[in-house]
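For the sequence shown, position 328 (counting from the first letter as 1) is numbered 312 according to the numbering used here, and the numbering increases by one without interruption.
Where a beta carbon is used, it is the ideal one built from N, C-alpha and C, also for glycine.
On a predicted model such as this, the values are computed, not experimentally measured, just so you know.
Down below is the structure, laid out as structure tokens.
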Amino acid sequence: TGPLKDATFSVPEGSGVRLIYQFTVEPPAVSFRTTGEKDGILDIDPKTGVLYLNGSLDWETKTSYNLQVESLDENGQRVKGPYTVTILVEDVNDNPPEFDQPTYAGVVRQNSRPGKPFMSVYATDRDDPSTPHAQLAYSILHHFPNPYPKMLFQINNVTGEISPSITGSYYLDPQKQDSFTLVVSVKDMAGMSVNGFTSSADVFITVKESLWKAPSTIYLQENSTQKHPVNITQVHSNEPNVTYELFEREKLPRLPFSVDQNGIIYVTEPLDREEKDTYSFFVIAKDKEGELVDKPLQVVVVVQDINDNPPVCQKALTILEIQENEDVGSNIGTVSATDMDEKDTLNSRLQFKIESQVPAVPASNLFFIQQDTGVLQLISRSLNKQIASNYSLKVLVKDAGFQTICDVQIHVIDINDQIPIFEKSDYENVTLAEDLPVGTVILEIQATDADEPLTGSSYITYEIKEGDPNKTFIIETDPKTNRGYVKINKALDFETTPVYNLLIHATNPEPLVTGVEYNSSSFAVFKVFLSNVDEAPVFSQEAYITEALENVPVDTLVATVEAFDPEGDTVRRYHESLRTSSGYRCRQSQLKVQDAMYNSILLNFTDNAAQKSKATFIINLKDVNDNPPRLAMNYVPFFCHPLAGGERTLIQATDDDEQRFYSTFTFSLKDDVDTRNNWEISKINSTHAYLSPRHSNFEEKIYSVPIIINDNGRPPLEAEINLEVNMCRCSSEKSCF
């Protein structure tokens, strides 16, 4: 209840007869009067002022009512008002959602992108759209058939858009299943209330083959004369309003292909198979956001060959050789040519033919060429180098449309049918001093050969067949003149071999033809006498090397030296020439130590003819551990008095022997009472130790500390050293004063 005034009341729809409000009567008013949109449902009792509802409101019919209310006195005159009273009808969820169609039909392409809608359903709800009563949520209730654990389709629960799921994008195939039925439901209250209303509709989906397919391999003939660009194929996306692009992975300088926005692919210029015989690139489709709508399709273009290349001779001039005695049918060689057209096709098939032969003697058809291989053969046994030493051939090489001439030159090679013949069979003898140096020419010999000069058939090699088993002599040939030079190859020795009876054989490196053999004309004899030369004594070694300890006693035998005379003379005197003062002496070819000071000697020996020889004798002296350890300190260690505790001084030891004998020293103190009570020593490393006082009760004076150092050598040497240590007053700089 309340006084009469402007007021607004909310009333749920469908609530039936009910009291809404009571306006109180304020004197002099005794009644109320109501006008406005009562619609036979709303009114106010004039006596009591009760605003009431005598029927049900329907939000879907009318959402609000406006009334004018005024109070009246006894005479029916207005006391207050009129006031506006507004009745707002509150919506309740009393309407189920409704699809705009009883059934739906859609088409989806194989391999469509997951999540890309291909159709949608639509439903409405008559309830208040500003409330959850009219907020709809879509879902798929059933899926017929459903051969996989997961659904092939999905629906946007807000928009009703239907698209393939990830599973469906992969498995949809019209060859396996070309139609599906979905039961799609829509629920109000945003699908969140168990009391919400639900409606459903059937969706019939047809699966069609994907439009997005890679074209079959495209074959284009090279050097096309068509006007470019030329349409060669077309691709179609499953989705509308896409943009097509090409890309390739080879990173070519240019890609002679393009694509328009209808998916038509063009070749933009004539292709050359010899430049590139196959192209592989990809076409893609993008949506308005630049995202790929399908996976890239590969396009393969094979460039087909045409006969646009002539044969090419592999060599400007092919040079071949044949011996004049070759048999009919002998293979002379091959004329080689190439064709850049496609291999193993008629365009690159080559055929050979001899067009001409110069000279045409003794016949015009001495040679034959195999038509398909270019192999040249001899068809006549009429070759004679004396008649013609060279033949020039013109060989025609042709393919299906072009031809080329290849030049061939054939050299007729003289056969080795002549043997070398010496100018004389006996070169008599020569006497040589045995000390002639190696390399000396002792004889020149000459043989001739009637075969073609400067060939393997006429070149002569000389070989000593008998009389020189140790190859003391060699024979070198001048290739231009075939003259032979007999040379000393090894040192001569009268005492070993005073006479050589040599048999020399002249041959060709090229084998003789059948029926021809070397005879006595290819042999010569030669005798060599050696004269004796007095030679110097010879040491058994050029140098003698031995070792000796540095403290070896005098007159110890350290080595034996041997020498002999090649002529057998007595090595009658010898002496040694020292590089330094005398330190060794020879005694009947035995070397003994005299004072063990030096290690390099030059030995001289002479024979009866005063021939001298020299050899070097090296003695490597080996160190022995013969030096005791000593301190390597040139200062007197000190301690600042009075002692504070913890003081120590560094001691270093050394040894004059070789390093290996004093690499490790041990330090200790003399074992007497005073030393043990006053000092201690501790090793740091192999050469250093610390000396420390044991207490602080020392006087200011110099102490003598007996230290024992052992070098641990072989044999070990030990030294007792009295180390003077100063106990002194120190300045601020820590030095004695």
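Taking C-beta to C-beta, are residue i and residue j nearer than 7 Å?
i: ILE403; j: TYR502; result: yes
i: SER527; j: THR600; result: It is Ala, not Ser, that sits at residue 527 in the sequence shown. Yes. Within cutoff.
i: SER441; j: ASN368; result: no
i: PRO(-4); j: GLU74; result: yes
i: ILE363; j: ILE353; result: no
i: LEU136; j: SER169; result: no
i: ALA107; j: PHE128; result: no
i: ILE290; j: LEU304; result: no
i: ILE426; j: VAL470; result: yes
i: GLY20; j: LEU51; result: yes
i: ASN473; j: LYS455; result: yes
i: GLY(-2); j: SER40; result: yes
i: CYS720; j: ASN710; result: yes
i: LEU380; j: GLN387; result: yes
i: VAL497; j: ASP401; result: yes
Roughly how many angstroms lie between the CA atoms of residue i and residue j, to the nearest whole one?
i: GLY697; j: LYS596; result: 46 Å
i: THR151; j: GLU326; result: 47 Å
i: PHE7; j: GLN119; result: 38 Å
i: VAL577; j: LYS598; result: With a pLDDT of 47 at VAL577, under the threshold of 50, the modelled position of this residue cannot be trusted, and the question is left open.
i: GLY630; j: SER716; result: 19 Å
i: SER242; j: ILE268; result: 12 Å
i: GLY24; j: ASN38; result: 8 Å
i: PHE513; j: PHE478; result: 9 Å
i: GLN525; j: TYR484; result: 30 Å
i: ALA431; j: ILE371; result: 27 Å
i: ALA384; j: ASN215; result: 30 Å
i: VAL1; j: LYS22; result: 14 Å
i: TYR411; j: GLY358; result: 55 Å
i: ARG569; j: ASP656; result: Residue placement at ARG569 is flagged as unreliable, the pLDDT there being 45, under the threshold of 50; the coordinate-derived value follows with that caveat. Cα to Cα, the separation comes out at about 52 Å.
i: CYS712; j: PRO699; result: 40 Å
i: PRO199; j: SER104; result: 32 Å
i: PRO254; j: LEU204; result: 9 Å
i: TYR132; j: PRO148; result: 14 Å
i: ASP579; j: VAL538; result: For ASP579, the predicted model reports a pLDDT of 48, less than 50, meaning its position is unreliable and no value from the coordinates is stated.
i: ARG725; j: THR638; result: Since the first residue of the chain shown is -15 and the last is 721, residue 725 is not available in this structure.
i: ILE71; j: SER123; result: 38 Å
List the whole-angstrom C-beta distance separating residue i from residue j, where the pair is believed to meet the contact cut-off of C-beta under 8 Å.
i: LEU487; j: VAL509; result: 6 Å
i: TRP196; j: ASN225; result: That pair is no contact at about 15 Å.
i: ASP256; j: ASN207; result: 7 Å
i: ILE251; j: PRO237; result: In the sequence as displayed, the identity of residue 251 is Val instead of Ile. Wrong, their Cβ atoms sit about 16 Å apart, outside the cutoff.
i: HIS220; j: GLY247; result: 6 Å
i: PRO521; j: ALA547; result: 5 Å
i: MET173; j: ASN77; result: 6 Å
i: PRO86; j: ALA185; result: 6 Å
Quick check on DSSP: helix, strand or coil for residue i?
i: SER123; result: strand
i: VAL283; result: strand
i: THR445; result: strand
i: MET581; result: Note that MET581 scores 43 on pLDDT, short of 50, meaning its location in the model is unreliable; the coordinates nonetheless yield the value given after this. MET581 falls in the coil class under three-state DSSP.
i: SER725; result: The chain is shown from -15 up to 721; residue 725 falls before or after that span and cannot be answered.
i: ASN662; result: helix
i: VAL657; result: helix
i: MET176; result: coil
i: THR671; result: coil
i: TYR502; result: coil
i: THR357; result: coil
i: SER(-1); result: coil
i: LEU51; result: strand
i: TYR155; result: helix
i: ILE290; result: coil
i: ILE146; result: strand
i: ARG632; result: coil
i: ILE25; result: coil
i: ASN604; result: strand
i: GLU412; result: strand
i: LEU627; result: coil
i: THR318; result: strand
i: GLN430; result: strand
Using only the heavy atoms of the ligand NAP, determine whether one of them is closer than 6 Å to the beta carbon of residue i.
i: SER409; result: Absent from the structure shown: the ligand NAP. Ligands present: none.
Segments of 4+ residues assigned as alpha helix (DSSP H) that fall wholly inside the segment 226 to 263: If you keep only unbroken alpha helix (DSSP H) runs of at least 4 residues inside the segment 226 to 263, you get nothing at all.
Residue ranges of each beta strand (DSSP E) within the segment 87 to 136, 3 or longer: 87 to 93 and 121 to 128
Ranges of the beta strand (DSSP E) found wholly within the segment 465 to 551, counting only runs of at least 3: 467 to 472, 483 to 491, 507 to 515, 527 to 533 and 541 to 544
Beta strand (DSSP E) runs wholly inside the segment 682 to 708, at least 3 long, in chain order: Listed in chain order, the beta strand (DSSP E) runs fully inside the segment 682 to 708 are 686 to 694, counting runs of at least 3 residues.
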